[in-house]
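Below is one structure, written out as structure tokens; the observations come after it.
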Amino acid sequence: MIEILNEAQLTRAREAGQLVGTILHTIKGRCRPGVNLLTIDGWAREMIVAAGATSCYVDYAPSFGSGPFGHYICTAVNDAVLHGMPHDYSLADGDLLTLDLAVTLGGISADAAISFVVGDDQDPADVEMIAATERALAAGIEAAGPGARIGDISHAIERVLTAAGFPINLEFGGHGIGSTMHQDPHVSNAGRPGRGYKLRPGLLLALEPWVMRDTAELVVAADGWTLKSATGSRAAHSEHTIAITEAGAEILTLPRP
Numbered sequence: 001m002i003e004i005l006n007e008a009q010l011t012r013a014r015e016a017g018q019l020v021g022t023i024l025h026t027i028k029g030r031c032r033p034g035v036n037l038l039t040i041d042g043w044a045r046e047m048i049v050a051a052g053a054t055s056c057y058v059d060y061a062p063s064f065g066s067g068p069f070g071h072y073i074c075t076a077v078n079d080a081v082l083h084g085m086p087h088d089y090s091l092a093d094g095d096l097l098t099l100d101l102a103v104t105l106g107g108i109s110a111d112a113a114i115s116f117v118v119g120d121d122q123d124p125a126d127v128e129m130i131a132a133t134e135r136a137l138a139a140g141i142e143a144a145g146p147g148a149r150i151g152d153i154s155h156a157i158e159r160v161l162t163a164a165g166f167p168i169n170l171e172f173g174g175h176g177i178g179s180t181m182h183q184d185p186h187v188s189n190a191g192r193p194g195r196g197y198k199l200r201p202g203l204l205l206a207l208e209p210w211v212m213r214d215t216a217e218l219v220v221a222a223d224g225w226t227l228k229s230a231t232g233s234r235a236a237h238s239e240h241t242i243a244i245t246e247a248g249a250e251i252l253t254l255p256r257p
């Protein structure tokens, strides 16, 4: 299903997106060595509930997962990159942490992710890998607009990630979003320009470039959810929800000023 939102729904999408961006920004500011992943999940729960929103993850039970996710935010550490299930682990100085959050507010969902290094031990290779996903996300957003096609976005993301030297996994990518978290169209992180669905004003997309340092192969952790690099190499992930407008692409998941 591909949804095209009306103006009233777009207003609610902006509110949902701003909430997602603000929660991620707030939690990032609290993350330091010694903070437990379950504490992060608790912070997310508190802020989501206080805003009158609901988590898209608690009851999330797709075919590739192992039962309902049961948590409010995804916390992927080091070699984990997607669907990181919070567990009893305290962050160490130099850990590479990805926070991925999706909420529904006013009947509309928004989804975003950020990666960053915890503490003072900043490995330059980690910093550059994170920056590459952020540049790829910016390129994908720049390629989006009315009349553009999904392949234009995918190709823009691919060019940045490939130029940075990273293999690209094609199993998981971006997606449409609206009244539910995951919708058509799928937005691969590699593709051919001029191909695929033509973008229309009112369409919401979650764009999410992600990479692993030296592999494109994923493995599933023992929790049945967390996806990790097959080689144990570190990984990074950047994501925004955008709205296609008459003027181009509007980023919805920025934090409140």
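In UniProt numbering, the protein residues as written are 1 to 257.
For every residue, glycine included, the Cβ atom is placed at its ideal position computed from N, Cα and C.
query                                                                                                             : result
Of the residues Arg-135, Leu-105, Pro-62 and Leu-170, the one placed nearest Ser-115, counting alpha carbons only : Arg-135
Close beta carbons around Pro-255, own chain, < 6 Å, minus the five adjacent residues each side                   : Gly-21, Thr-22 and His-25
His-87 - DSSP class collapsed to helix/strand/coil                                                                : coil
Segment contact flag, the segment 41 to 54 with the segment 101 to 110, C-beta cutoff 8 Å, min 3 pairs            : yes
Which listed residue (Gly-176, Val-160, His-186 and Ala-164) has its alpha carbon closest to that of Leu-170      : His-186
Exposed unless 16 or more other CB atoms sit within 10 angstroms - verdict on Thr-75                              : buried
For Glu-226, three-class secondary structure by DSSP                                                              : Residue 226 is actually Thr in this sequence, not Glu. If DSSP states are grouped into helix, strand and coil, Thr-226 belongs with coil.
Identified DSSP bridge partners for Ile-150                                                                       : BP columns for Ile-150 are empty, so no partner.
Cβ-Cβ distance between Gly-191 and Ile-244 below 9 Å                                                              : no
Lys-228 classed as buried or exposed, judged by whether at least 16 other C-beta atoms fall within 10 angstroms   : buried
Residue span of the beta strand (DSSP E) that contains Val-187, given as start and end                            : 183 to 187
Cβ distance (whole Å) where Asp-123 is taken to contact Gly-94 below 8 Å                                          : 7 Å
Of the listed residues Thr-162, Ala-163, Trp-225 and Leu-82, nearest to Phe-69 (C-alpha basis)                    : Trp-225
Where the beta strand (DSSP E) containing Thr-104 begins and where it ends                                        : 96 to 105
For Leu-82 and Trp-210, the rounded distance between their alpha carbons                                          : 9 Å
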